[in-house]
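One structure is given below, encoded as structure tokens.
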Amino acid sequence: MTLPRSEPKTPETRYPPTGPILHVDGFAVHAHVAGDGPDLILIHGASGNTRDFTFDLIDRLTGDFRVIAFDRPGLGHSDPLHTRGETPFEQAAILDQAAEMLGVERAVVLGHSYGGAVAMAWALNHPERVGAVVSLAGAVAPWPGGLGPWYSIASSRIGGAVLPPLISRFLPESIKINAVTSIFEPNDVPDGYADHVGVDLTLRPHTIRANARQVNGLKPHVIDMKPRYQSIDIPIEILHGDADTIVPAHIHSEVLERLAPNACLTMLPDVGHMPHHVAPQATVDAILRAATRAGLRPADPAS
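In terms of my numbering, the sequence shown is residues 1 to 303.
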């Protein structure tokens, strides 16, 4: 007897969607939705997906909020919008439509790393749905110099066609682990994180290309956004580790605090680029402060 051959597992089947796939203007947008209460929207960083938040953070929040984590366009299980690298404004626009489809009227919007730029673009261009922003090690201001050759090469037509498929197929497991470790430095990677987050989702060729194009094109947009921050009148809670060398606080968060009238910066000593994993309670506290300041939840009587 010949047994049926099982189909090889793909990143999509190993790490399937954990929530609804919304269809916005013909594009798929994946959302993870959990909990009950005022709305909290989570936007992941570069190379990421919703699984960065489902690892630990969302379970800490569902008693106080309806939490909605989106895969940004081109990443996770969300479709790319085009092949030029989606701008923070384009990403905010489609996520705003997706949030409307989920019945969101006014929410706290949290953005981590690159997601911080999307959160700020959302507050600038679609303020009616944003009650407050939490910038979590957000890349929200222009930086000196460039990003090195990788992003420009991987964003090009030829480089994008050649390099991502090679990396996706042949990258050794040890380098994958080292890449995750470098994102957390100087802090340790939580046990089980690398398996949960779905590194192979990030290493699909089309995802590598989409991420490279978005990151490579980010700087001109934060240059445009920077002078507009002074017009934002909603509460902004900023959380940043003082050991973050990927998105340094003095270039990004300290600038945002100076420019935005209602911004409050909390610095975390000895914390790197992943404060929501290394200092989860400080992250939850910042979210609760933002929601309270926005009138989305009552003030704690003990405070």
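Glycine residues also receive a C-beta, built at the ideal position from the N, C-alpha and C atoms. Quantities reported herein were computed from a predicted structural model and do not represent experimental measurements.
Use the C-beta contact count for residue 81: other C-beta atoms within 10 angstroms, 16 or more gives buried, fewer gives exposed. Walking along the sequence shown from the start, residue 81 turns up at place 81. So residue 81 ends up on the buried side.
In three-state DSSP terms, what is residue 55? What you label residue 55 is simply residue 55 of the sequence shown in a count that begins at 1. Three-state DSSP puts residue 55 in coil, outside helix and strand.
Tell me which same chain residues have a C-beta within less than 7 Å of the C-beta of residue 85, skipping the five on either side of it? Against the sequence shown, residue 85 aligns to sequence position 85. Counting only Cβ-Cβ distances below 7 Å, and skipping sequence neighbours, we find 155, 213, 214, 216, 217.
Whole beta strand (DSSP E) runs in the segment 101-126 with 3 or more residues, listed along the chain? 107-112
Range covered by the beta strand (DSSP E) that runs through residue 240: In the sequence shown, residue 240 corresponds to position 240, counting from 1. Note, residue 240: beta strand (DSSP E), 236-241.
Alpha-carbon spacing of residue 1 relative to residue 14, whole angstroms: As a first step, residue 1 must be located in the sequence shown, where it is residue number 1. As a first step, residue 14 must be located in the sequence shown, where it is residue number 14. Summary for residue 1: the model assigns pLDDT 48, below 50, so the residue's position carries little reliability, and this model does not support an answer.
What do you get for residue 110, buried or exposed, if any count of 16 or more other CB atoms within 10 angstroms of its CB means buried? Translated into the one-based positions of the sequence shown, residue 110 becomes position 110. So residue 110 counts as buried.
Scan the segment 13-67 and note each continuous alpha helix (DSSP H) run of 4 residues or more that stays entirely inside, going in chain order. 51-54
First and last residue of the uninterrupted beta strand (DSSP E) at residue 136: Sequence index remark: in the sequence shown, residue 136 carries index 136 (1-based). Element bounds for residue 136: 130-136.
Output the distance between the C-alpha atoms of residue 63 and residue 107, rounded to the nearest integer angstrom. As a position in the sequence shown, residue 63 is number 63, starting the count at 1. As a position in the sequence shown, residue 107 is number 107, starting the count at 1. If you take the alpha carbons of residue 63 and residue 107, they lie about 16 Å apart.
Taking residue 251 as the reference, give the member of 125, 117, 131, 141 with the closest Cα. As a working note, residue 251 is residue 251 in the sequence shown. It is 141 whose Cα lies nearest to the Cα of residue 251.
Spatial neighbours of residue 67 in its chain, beta-carbon cut-off 6 Å, leaving aside the 5 residues before and after: To locate residue 67, count along the sequence shown from 1; it is residue 67. Result list for residue 67: 34, 35, 40, 58, 61, in chain order.
If distances are taken between C-alpha atoms only, which option among 176, 125, 21 comes closest to residue 305? Any question about residue 305 goes unanswered here, given that the chain covers just 1 to 303.
Between the CA atoms of residue 295 and residue 233 - distance to the nearest angstrom: For the purposes of this step, residue 233 is taken as residue 233 along the sequence shown, with counting starting at 1. For the purposes of this step, residue 295 is taken as residue 295 along the sequence shown, with counting starting at 1. Whole-angstrom Cα-Cα distance: 14 Å.
Minimum C-alpha distance to residue 271 - residue among 185, 222, 203: Your numbering for residue 271 matches position 271 in the sequence shown. The candidate whose alpha carbon is nearest that of residue 271 is 185.
Check this for me: beta carbons of residue 356 and residue 97, under 8 Å apart or not? For residue 356 there is no data in the structure shown, the boundaries of the chain being 1 and 303.
Taking C-alpha atoms, which residue in 27, 139, 275, 50 lies nearest to residue 189? Translated into the one-based positions of the sequence shown, residue 189 becomes position 189. Nearest C-alpha to residue 189: 275.
With H, G and I counted as helix, E and B as strand and the rest as coil, what does DSSP make of residue 294? What you label residue 294 is simply residue 294 of the sequence shown in a count that begins at 1. The answer is coil: DSSP assigns residue 294 none of H, G, I, E or B.
Below 8 Å between beta carbons: does that hold for residue 50 and residue 32? If you number the sequence shown from 1, residue 50 lands on position 50. If you number the sequence shown from 1, residue 32 lands on position 32. Going by C-beta atoms, residue 50 is nearer than 8 Å to residue 32.
Would you mind stating whether residue 65 and residue 38 have Cβ atoms separated by less than 8 Å? Counting from 1 along the sequence shown, the entry for residue 65 is found at position 65. Counting from 1 along the sequence shown, the entry for residue 38 is found at position 38. Closer than 8 Å, so yes.
Best match in 206, 136, 149, 187 for proximity to residue 169 [C-alpha to C-alpha]: Within the sequence shown, residue 169 is the residue found at index 169, counting from 1. Checked all of 206, 136, 149, 187; the closest Cα to residue 169 is 206.
What do you get for residue 152, buried or exposed, if any count of 16 or more other CB atoms within 10 angstroms of its CB means buried? Walking along the sequence shown from the start, residue 152 turns up at place 152. With fewer than 16 other Cβ atoms within 10 Å, it is exposed.
Give every residue of the same chain whose Cβ lies closer than 6 Å to the Cβ of residue 119, excluding the five residues on either side of it in the sequence, and list them in chain order. For the purposes of this step, residue 119 is identified with residue 119 of the sequence shown, where counting begins at 1. Result list for residue 119: 43, 109, 111, 133, in chain order.
Helix, strand or coil for residue 256 per DSSP? As a first step, residue 256 is located in the sequence shown; it is residue number 256 there, counting from the start. Helix at residue 256.
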